[in-house]
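Student:
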């Protein structure tokens, strides 16, 4: 068995935190657009060594060279392990280093006594996701749970719709939402699903317990697996026969609602 020193452990934790902050996007057009945006913090460019050297690939390589970004060439199989989408990566992937991009697991192990998160359940529209991130950031939410499967992922369209707030908002990756919410629930978090048929209104939610608000699919709402985990079901009162709101508008109302702890400001 190899002995490890505190310095070794700290170095490992720093490296893990850095790699957890990396977001990999793929596809020639998304990668090109990301490289053209000088505000995006890029870590590394990955290319398949079998790519046909057309003008798009040449432009991608040239931009990376201009920005002094490391370029690594892989076999198609190796690249698919990086992109995790062999059918759509087109032989190109790019690592973005997002300072507030991490994991739900890491958040769970932090010594937090109170927090408010949004959870994304089956939201597939990139523009909606970008606007949700923008509202959550502006409203002071503590983070957004973003599953890898069944939801829109962070790409240039989402980054554009968020107007850059994706680099300020804490995004917490997880594989699937339901098991992650279950872990949070076991640690005392309230799971609040939004539904137009719920008996309780959003404004009636009281207390300062850790709380996760679940935003469901644009058409079908909260999924059955997630709905079963909800400790509270909330609605936003509406008038004039309006049945529902855009999910990004709902996120804004949650993020900017008056919190109980802030009801009597000093």
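Residue numbers (the numbering used here): 2 to 267. No residue lacks a Cβ here, since even glycine has one placed at the ideal position from N, Cα and C. Remember, it's a predicted structure, so these values are computed and weren't measured experimentally.
1) I'd like the span of the beta strand (DSSP E) that includes residue 212, first residue to last.
2) Since residue 225 is in the alpha helix (DSSP H), which residue starts that stretch and which ends it?
3) Tell me the rounded alpha-carbon separation between residue 35 and residue 221.
4) What's the C-alpha gap between residue 45 and residue 25?
5) Please report the distance separating the alpha-carbon of residue 250 from that of residue 73.
6) Considering residue 73, what are the terminal residues of the beta strand (DSSP E) in which it resides?
7) What does a CB cutoff of less than 8 Å around residue 100 pick up in its chain, not counting 5 residues either side in sequence?
8) Could you tell me the alpha carbon to alpha carbon distance between residue 150 and residue 170, rounded to whole angstroms?
9) How many angstroms separate the CA atom of residue 198 from the CA atom of residue 260?
10) For residue 248 and residue 79, what's the separation of their Cα atoms in angstroms?
11) Could you give the DSSP three-state label for residue 247: helix, strand or coil?
12) What residue range does the alpha helix (DSSP H) around residue 135 cover?
13) Identify, in the order they occur along the chain, each residue of the same chain with its Cβ nearer than 7 Å to the Cβ of residue 114, setting aside the five sequence neighbours on each side.
14) Among 86, 39 and 76, which has the Cα closest to the Cα of residue 69?
15) Looking at the structure shown, is residue 148 part of a helix, part of a strand, or coil, going by DSSP?
16) Which residue marks the beginning of the beta strand (DSSP E) containing residue 207, and which one marks its end?
17) Where does residue 38 sit, in a helix, a strand or coil, going by DSSP?
18) Tell me which residues share the same chain as residue 132 and place their Cβ nearer than 6 Å to its Cβ, disregarding the 5 neighbours each side in the sequence.
19) To the nearest whole angstrom, what separates the beta carbons of residue 216 and residue 134, a pair I think is in contact under 8 Å?
Tutor: On the basis of the data shown:
1) Residue numbering aside, residue 212 sits at position 211 when the chain shown is read from its first letter. Per DSSP, residue 212 belongs to the beta strand (DSSP E) from 212 to 216.
2) If you number the chain shown from 1, residue 225 lands on position 224. Note, residue 225: alpha helix (DSSP H), 225 to 228.
3) The sequence position of residue 35 within the chain shown is 34, counting from 1. The sequence position of residue 221 within the chain shown is 220, counting from 1. Rounded to whole angstroms, residue 35 to residue 221 spans 32 Å at the Cα level.
4) Numbered from 1 along the chain shown, position 44 holds the residue referred to as residue 45. Numbered from 1 along the chain shown, position 24 holds the residue referred to as residue 25. Using only the alpha carbons, I get a separation of about 9 Å.
5) Mapped onto the chain shown, residue 250 falls at position 249. Mapped onto the chain shown, residue 73 falls at position 72. Looking at the two C-alpha atoms, the distance is approximately 41 Å.
6) Here the question's residue 73 lines up with position 72 in the chain shown. 71 to 75 is the span of the beta strand (DSSP E), which, as asked, contains residue 73.
7) Stepping through the chain shown from its first residue, residue 100 is reached at position 99. These residues qualify, in order along the chain: 22, 42 and 168.
8) The sequence position of residue 150 within the chain shown is 149, counting from 1. The sequence position of residue 170 within the chain shown is 169, counting from 1. Computed Cα separation, rounded: 20 Å.
9) Residue numbering aside, residue 198 sits at position 197 when the chain shown is read from its first letter. Residue numbering aside, residue 260 sits at position 259 when the chain shown is read from its first letter. Each residue's Cα considered, the two are about 23 Å apart.
10) Translated into the one-based positions of the chain shown, residue 248 becomes position 247. Translated into the one-based positions of the chain shown, residue 79 becomes position 78. Those two C-alpha atoms are separated by around 37 Å.
11) Within the chain shown, residue 247 is the residue found at index 246, counting from 1. Coil at residue 247, not helix or strand.
12) Residue 135 sits at position 134 when you count from the first residue of the chain shown. That run of the alpha helix (DSSP H) goes 127 to 139.
13) Residue numbering aside, residue 114 sits at position 113 when the chain shown is read from its first letter. Result list for residue 114: empty, nothing under 7 Å.
14) Within the chain shown, the letter at position 68 stands for residue 69. When each option's Cα is compared against that of residue 69, the closest is 39.
15) The residue labelled residue 148 in the question sits at position 147 within the chain shown. Strand, per DSSP.
16) The residue labelled residue 207 in the question sits at position 206 within the chain shown. Segment: none, residue 207 is in no beta strand (DSSP E) and carries neither H nor E.
17) Stepping through the chain shown from its first residue, residue 38 is reached at position 37. Of the three classes helix, strand and coil, the one that applies to residue 38 here is coil, per DSSP.
18) The sequence position of residue 132 within the chain shown is 131, counting from 1. Cβ within range, chain order: 162 and 249.
19) Position 215 of the chain shown holds residue 216. Position 133 of the chain shown holds residue 134. For a cut-off of 8 Å, the C-beta gap from residue 216 to residue 134 is around 11 Å, too long to register as a contact.
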